[in-house]
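Start counting at 1 in the sequence shown, then tack on 40, and there's your number in our numbering.
Ideal Cβ placement from N, Cα and C applies to all residues, glycine included.
These notes concern the structure reproduced below.
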Amino acid sequence: MIIKDIIEMQKREIDVILKEIYIERAEPKIDLTNSLIKVIIGPRRAGKSRFSIYNLNKGNKFGYVNFDDEGLTKIEDYDDLISAVNSVYDNPKILFFDEIQNLPRWELFVNRLQRQGYFLVLTGSNSHLLSKELSTHLTGRHLQIIVFPFSFREYLNFENKNLTTSEIKGKLSDYLISGGYPEPLIKKINYKEYLGTLLNSILFKDIVKRYKVRFSQAISDLSEQLLSNIANEYSYNSLSKISKIKSTYTVEKYLKYLEESFIFFSVKRFSYKVKEQISSIKKIYCIDNGFIHAKAFNSSPNFGKLYENLVAIELKKQELNGKINFYYWKNQQQEEVDFVVKKGIKIEQLIQVCYDLDNIETKNRETRTLLKAGNELKCKNLLVINLDKEGEEEIEWFNMKAKIKFIPLWKWLLEK
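Structure (structure tokens):
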């Protein structure tokens, strides 16, 4: 199929997308009043294309090319591509390139187009490839927007009606298991089947094929092991043992691929010493709870871990947007606080995530550990995110005393 025919077929896809239900996203709108290249990054199927199309369709004439089509990634003369776009879209000055990372030497191509006066919007599903090439070739000339699967607020907005507190809690129970991927929600598709297929597609199309991974089953097994151990600490050595990948170097490389493809992300253990942060054991989290339900080995949901993963996702969004850095804390007695939130050089908040506080021993253990961490890190902003307790309590233990805030997860998520 010739280039023009492919682009013509893709143009029809825009008409289909514009007829579908669209949930307004919280991300910043695409600003075309300046010539900065707009780069929309995030996981596959998180809604980057729809976000871009709905933003660009507001009175703008733009050309669209989706490089998920292999017929377009084999083009030798990129001027032929621009000629085809000009023909199909009547010489647009705004170009939207979807999944740009699939195009060889894309960074040089878009750099040239910007110099020629085009307004460019790019999407990509590989964080390393985009950030590496952007920082090298587009320094100071691009603006990045992160699009993740639906936040809890966006998930609720699909209902398009005012919900009672009881209904919101019920929706959180669904969101906790199924996650926030837009397509199965909007099209009423089975979440587990959809996300299982999507994960396999990311593994074998975005990772195995791109990086020429020889043992594809090994990286698939590793991803399932990680999903079964969400919110747990890991080392490359421990992952090597449970995944049966003999080389820790290979495990490290595979995990890097999985993180670059926006499936997982790691959280470092807090230390004032940078070297200790880098060398310490990390914790693993997933970009969407639905993947855990779809592919983990667990026979029943671990609600505590699912709660913690949702909090980690929201903190990760803030970190990617440059608002915070976050870590976990652990002392020599192996007591742990889930999240240390840092703004600049200041520790802003310590967060403990606890699904159920009805057990008094559990509550005492979690709050005392939070108190210890607050005392050590000189932070008084202590928070416990939980199932349904809200309010503030003064906790005293030995010579330590502090006020600890409690907030239900659903309410904390809606404040983000």
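In three-state DSSP terms, what is Phe366?
Against the sequence shown, residue 366 aligns to sequence position 326. Phe366: strand per DSSP, three-state reduction.
Do Phe379 and Leu355 have their C-beta atoms within less than 9 Å of each other?
To locate residue 379, count along the sequence shown from 1; it is residue 339. To locate residue 355, count along the sequence shown from 1; it is residue 315. Yes; because the gap between Cβ atoms is below 9 Å, this pair is in contact.
Would you call the CB atoms of Thr424 and Ile400 closer than 9 Å?
Translated into positions along the sequence shown, residue 424 becomes position 384. Translated into positions along the sequence shown, residue 400 becomes position 360. The identity of residue 424 in the sequence shown is Val, whereas the question assumes Thr. Taking 9 Å as the Cβ cut-off, Val424 and Ile400 do not qualify as a contacting pair.
Going along the chain, which residues of its own chain have a beta-carbon closer than 8 Å to the beta-carbon of Lys286, five neighbours each way excluded?
In the sequence shown, counting from the first residue as 1, residue 286 sits at position 246. If we look at Lys286 and ignore the five residues flanking it on each side, its Cβ neighbours are Ser280.
Would you decide whether Leu143 is buried or exposed? Buried here means 16 or more other CB atoms lie within 10 Å of its CB.
Looking up residue 143 in the sequence shown gives position 103. Burial call: buried.
Taking 8 Å as the limit between beta carbons, can you name the residues of its chain near Asp109, skipping five residues before and five after?
Against the sequence shown, residue 109 aligns to sequence position 69. Taken in chain order, the residues that qualify are Ile46, Gln50.
Identify, in the order they occur along the chain, each residue of the same chain with its Cβ nearer than 6 Å to the Cβ of Tyr294, setting aside the five sequence neighbours on each side.
For this step, residue 294 is matched to residue 254 along the sequence shown. Here the set comprises Ile259, Leu262.
Is Val291 helix, strand or coil when you go by DSSP?
Reading the sequence shown from its first residue, position 251 is the one you call residue 291. In this structure, Val291 counts as helix in the three-state DSSP scheme.
Pair within 9 Å by beta-carbon distance, Tyr459 and Phe136
In the structure displayed, the chain extends from 41 to 456; residue 459 sits before or after that span and is not available.
Closer than 6 Å by C-beta to Cys419: which residues in its own chain qualify, once you throw out the five before and the five after it? Chain order, please.
The residue labelled residue 419 in the question sits at position 379 within the sequence shown. Cβ within range, chain order: Ile387, Leu390.
Whole angstroms is fine: what's the gap from Lys337's alpha carbon to Asn269's?
As a first step, residue 337 is located in the sequence shown; it is residue number 297 there, counting from the start. As a first step, residue 269 is located in the sequence shown; it is residue number 229 there, counting from the start. A small correction: the amino acid at residue 337 is Phe; Lys does not occupy that position in the sequence shown. So the two alpha carbons sit approximately 9 Å from each other.
Expressed to the nearest angstrom, what Euclidean distance is found between the alpha-carbon atoms of Glu147 and Ile93?
What you label residue 147 is simply residue 107 of the sequence shown in a count that begins at 1. What you label residue 93 is simply residue 53 of the sequence shown in a count that begins at 1. If you take the alpha carbons of Glu147 and Ile93, they lie about 21 Å apart.
Three or more C-beta pairs closer than 8 Å, one from the region 295–314 and one from the region 154–164: is that the case here?
no
Cα separation between Tyr274 and Trp369?
In the sequence shown, counting from the first residue as 1, residue 274 sits at position 234. In the sequence shown, counting from the first residue as 1, residue 369 sits at position 329. Tyr274 and Trp369: Cα-Cα distance of roughly 15 Å.
Alpha carbon to alpha carbon, how far is Glu299 from Arg84? Give it in angstroms, no decimals.
Here residue 84 refers to the residue found at position 44 when the sequence shown is read from its first residue. Here residue 299 refers to the residue found at position 259 when the sequence shown is read from its first residue. Distance between the alpha carbons of Arg84 and Glu299 is about 13 Å.
How many Å lie between Leu449 and Ser127 at the Cα?
Here residue 449 corresponds to residue number 409 of the sequence shown, with the count starting at 1. Here residue 127 corresponds to residue number 87 of the sequence shown, with the count starting at 1. The straight-line gap from Cα to Cα measures roughly 51 Å.
Any alpha helix (DSSP H) of 4 or more consecutive residues that is wholly inside the region 127–215
146–155, 167–177, 192–197
Please confirm whether Val393 and Gly344 have their CB atoms less than 9 Å apart.
Translated into positions along the sequence shown, residue 393 becomes position 353. Translated into positions along the sequence shown, residue 344 becomes position 304. It is a contact, given that the beta carbons lie within the stated cut-off.
Can you give me the start and stop residues for the alpha helix (DSSP H) that Phe107 sits inside?
For the purposes of this step, residue 107 is taken as residue 67 along the sequence shown, with counting starting at 1. No alpha helix (DSSP H) holds Phe107; DSSP gives it neither H nor E.
So, do the region 300–310 and the region 320–327 have three or more beta carbon pairs nearer to each other than 8 Å?
yes
In the DSSP assignment, find the beta strand (DSSP E) that holds Phe379 and state where it starts and stops.
The residue given as residue 379 occupies position 339 in the sequence shown. That run of the beta strand (DSSP E) goes 376–383.
I need the DSSP call for Ala66, collapsed to helix, strand or coil.
Your numbering for residue 66 matches position 26 in the sequence shown. Coil at Ala66, not helix or strand.
Measuring straight from C-alpha to C-alpha, what distance separates Met440 and Leu422?
Taking the first residue of the sequence shown as 1, we reach residue 440 at position 400. Taking the first residue of the sequence shown as 1, we reach residue 422 at position 382. Their backbone Cα atoms lie some 13 Å apart in a straight line.
Check whether the Cβ atoms of Ile327 and Ile353 sit closer than 9 Å, and answer yes or no.
The residue labelled residue 327 in the question sits at position 287 within the sequence shown. The residue labelled residue 353 in the question sits at position 313 within the sequence shown. Yes, the Cβ-Cβ distance between Ile327 and Ile353 is below 9 Å.
Do Ala334 and Tyr234 have their C-beta atoms closer together than 9 Å?
Reading the sequence shown from its first residue, position 294 is the one you call residue 334. Reading the sequence shown from its first residue, position 194 is the one you call residue 234. The answer is yes: Cβ separation under 9 Å.
Using a Cβ-Cβ cut-off of 7 Å (strictly less than) and excluding sequence neighbours within five positions of Lys357, which residues of its own chain qualify?
Locating residue 357 in the sequence shown gives position 317, counting from the first residue. For Lys357, where only same-chain residues beyond five positions count, the Cβ hits under 7 Å are Ile186, Phe188.
Counting C-beta neighbours from all protein chains within 10 Å, is the total for Thr176 16 or more, i.e. buried, or is it exposed?
For the purposes of this step, residue 176 is taken as residue 136 along the sequence shown, with counting starting at 1. It counts as exposed.
Between which two residues does the beta strand (DSSP E) containing Ile54 stretch?
For the purposes of this step, residue 54 is taken as the residue at position 14 of the sequence shown. Premise fails: Ile54 lies in the alpha helix (DSSP H), 43–59, not in any beta strand (DSSP E).
What first and last residue would you give for the beta strand (DSSP E) that runs through Val393?
Start at 1 with the first residue of the sequence shown, and residue 393 comes out as number 353. It spans 386–394 - the beta strand (DSSP E) in which Val393 sits, taken as one unbroken run.
Alpha carbon of Asn151 to alpha carbon of Leu174, nearest angstrom
Locating residue 151 in the sequence shown gives position 111, where the first residue counts as 1. Locating residue 174 in the sequence shown gives position 134, where the first residue counts as 1. The alpha-carbon atoms of Asn151 and Leu174 are separated by roughly 10 Å.
In the structure shown, what three-state DSSP assignment does Ala271 receive?
Locating residue 271 in the sequence shown gives position 231, counting from the first residue. Three-state DSSP puts Ala271 in coil, outside helix and strand.
Considering only the beta carbon of each residue, do Gln141 and Phe107 sit closer than 9 Å?
In the sequence shown, counting from the first residue as 1, residue 141 sits at position 101. In the sequence shown, counting from the first residue as 1, residue 107 sits at position 67. In this structure, Phe107 lies closer than 9 Å to Gln141 by Cβ.
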